[in-house]
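According to the numbering used here, the sequence shown is numbered sequentially starting from 334.
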Amino acid sequence: MQKFSFPAFDTIESYGHEQVVYCSNKELGLKAIIGIHNTTLGPALGGTRMWNYANDDEALKDVLRLSRGMTYKAAVAGLNLGGGKAVIIGDSKTQKTEGLFRAFGRFVEGLSGRYITAEDVGTSIKDMEYIMMETRHVTGVPIELGGSGDPSPVTAYGTYVGIKACVNEVYGSDSVKGKKIIVQGAGGNVGKHLCKYLSEEGAVLYVNDIDKEKLKYVVDNYKAQIISDDEVFSKDADILSPAALGGVINDETIPKLKVKIIAGAANNQLEDEVKHGQMLKDKGILYAPDYVINAGGLINVYNELEGYNRERALKQASGIYDIVKKVIDISKRDNIPTEAASKKIAEERINDVSNAKRIRIYRDVKLFKQRNI
Ligand code: NAD
């Protein structure tokens with residue numbers, strides 16, 4: 334008899350997931366894993382990533398890590414959403430077909446709304462259109478298709494108010510006027526909107542981007558000064574706002590930093606959440622946890638589920654100010670890094686809601702009558 338070595342349950346349990354769904358269709362070349370981490374607060378929402386993983390194990394670990402992250406992100410943002418994510422194993426440049434995404438869409442539909450998908454690294458709006466042919470449980474789609482469109486302006490606005498909360502903590506006033514702010518990835522979708530908000534309030538902007546064409550727009554419109562790659566981490570300034578890529582706060586960059594605040598939209602800024610969160614605290618740098626301050630994107634798609642209205646999404650994103658303040662307060666109260674403080678807030682909210690849901694509501698009174706109870 335064939336022997337299976339299948340340590341999946343150990344791995345799943347170690348991340349605390351509710352459900353992990355393997356989706357397969359050999360003819361269409363579909364190999365996907367959907368991770369549903371926690372649905373206490375609501376349906377598990379998170380994008381579908383298509384990536385050429387080296388093996389199934391790497392794909393499983395990625396989906397478990399990413400979906401757990403979504404649980405924390407939604408919980409701390411105060412949204413009634415759980416954490417989910419999906420990965421499709423394959424090359425996004427050569428292996429995409431209509432059939433593959435429609436088959437995936439049918440698996441999503443089969444989960445009856447326990448998982449809601451969206452675009453992510455390696456997937457596009459076109460792919461979402463195919464998924465939407467098979468399921469309603471897709472979000473973050475273009476306005477023409479009844480969706481909320483580009484989330485970047487809302488993400489940038491949430492980041493802007495999060496920066497103000499940090500400035501208030503460090504300098505005693507919300508104003509960014511005259512504050513020297515470094516924006517990495519300033520030419521990108523979030524970066525350019527963020528630069529607009531900051532420059533309108535009179536911040537002094539130092540910008541960097543590998544795409545010089547995109548950077549020109551920011552320099553021309555927001556009187557920003559271009560700095561070198563090295564200066565992004567070593568320049569004497571008040572705030573560093575990473576808006577490009579992950580892992581930029583690490584053993585190499587932390588010793589060079591001269592800023593008092595790190596607050597930006599980029600995902601997974603700390604190369605090692607625990608170690609580098611502690612190193613920033615020890616150095617007296619206030620770090621706004623990335624998934625707290627960049628939650629505007631998630632807030633935007635959450636609004637899509639309720640019938641989209643950009644004004645309402647922006648208003649909700651303005652709440653990131655108070656959330657960042659709360660994270661800072663807990664961090665000071667418990668003498669822990671801000672990263673750990675935001676996890677604590679998320680876990681407490683999930684526990685409280687889980688506790689509240691233990692109170693049963695029996696709507697079907699007839700059942701009792703029929704049984705003569
Ligand atoms: P984007 O691709 O539009 O912008 C990223 C910018 O960074 C680009 O202009 C790119 O040229 C630049 N860049 C890439 N590598 C660089 C490097 N080594 N040095 C300097 N610049 C570099 O992406 P985006 O949508 O603006 O997102 C930016 C970050 O924010 C990403 O980490 C993303 O995951 C995160 N984020 C975005 C949203 C959103 O609503 N778009 C929501 C949450 C989080």
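Glycine included, every Cβ here is placed at the ideal spot set by N, Cα and C. In this text, all values refer to a predicted model and were calculated from it rather than measured experimentally.
Runs of the alpha helix (DSSP H) spanning 4 or more residues and lying entirely within the segment 497–570 occur at 522–533, 545–555, 564–567, in chain order. The DSSP-derived three-state label of TYR355 is strand.
At a threshold of 7 Å, LYS616 does not count as near the ligand NAD, since its beta carbon sits no closer than that to any of the ligand's heavy atoms. Here VAL516 is not near LEU548, since their CB atoms are 8 Å or more apart. Excluding sequence positions up to five before and after VAL396, its CB lies within less than 6 Å of the CB of ILE366, GLY368, LYS418, VAL420, all in the same chain and listed in chain order. Per DSSP, reduced to three states, the secondary structure at PRO575 is strand. In this structure, the beta-carbon distance from VAL523 to SER567 does not fall below 8 Å. Distance from the Cα of GLY443 is smallest, within the candidate group GLU452, ASP453, THR468, LEU433, for THR468.
Between ASP584 and ASP605, the alpha-carbon positions lie close to 9 Å from each other. For ASN541, the shortest C-beta to heavy atom distance toward the ligand NAD is below 7 Å. Fewer than three beta-carbon pairs drawn from the segment 660–679 and the segment 503–511 are found closer than 8 Å, and the two stretches are therefore not classed as touching. Nearest to VAL540 by alpha-carbon distance, out of GLU533, SER561, GLU546, HIS526, is SER561. With a cut-off of 7 Å, the C-beta of THR488 is classified as near the ligand NAD, since at least one heavy atom of the ligand falls inside that distance. Fewer than three pairs of CB atoms, one per stretch, sit closer than 8 Å, so the segment 460–467 makes no contact with the segment 612–624. Judged by pairs of C-beta atoms under 8 Å, the segment 439–458 does not touch the segment 570–590, as fewer than three such pairs exist. Here DSSP, grouped into helix, strand and coil, assigns ILE653 to helix. Pairing ALA377 with ARG439 gives a Cβ-Cβ distance that is not under 8 Å.
For VAL607, the enclosing alpha helix (DSSP H) begins and ends at 606–615. The three-state reading of DSSP puts MET466 in coil, since its state is none of H, G, I, E or B.
Exclusion of the five residues before and after THR373 leaves GLY415, ILE683, VAL686, SER687, LYS690 as the residues of its chain whose Cβ lies within less than 8 Å of its Cβ.
Between ALA557 and ALA598, the C-beta spacing is not below 8 Å.
If you keep only unbroken beta strand (DSSP E) runs of at least 3 residues inside the segment 351–404, you get 352–358, 363–371, 381–384. Going by DSSP, ALA436 is part of the alpha helix (DSSP H) stretching over 431–443. As computed with DSSP, ALA419 is found in a beta bridge with ILE367, THR381.
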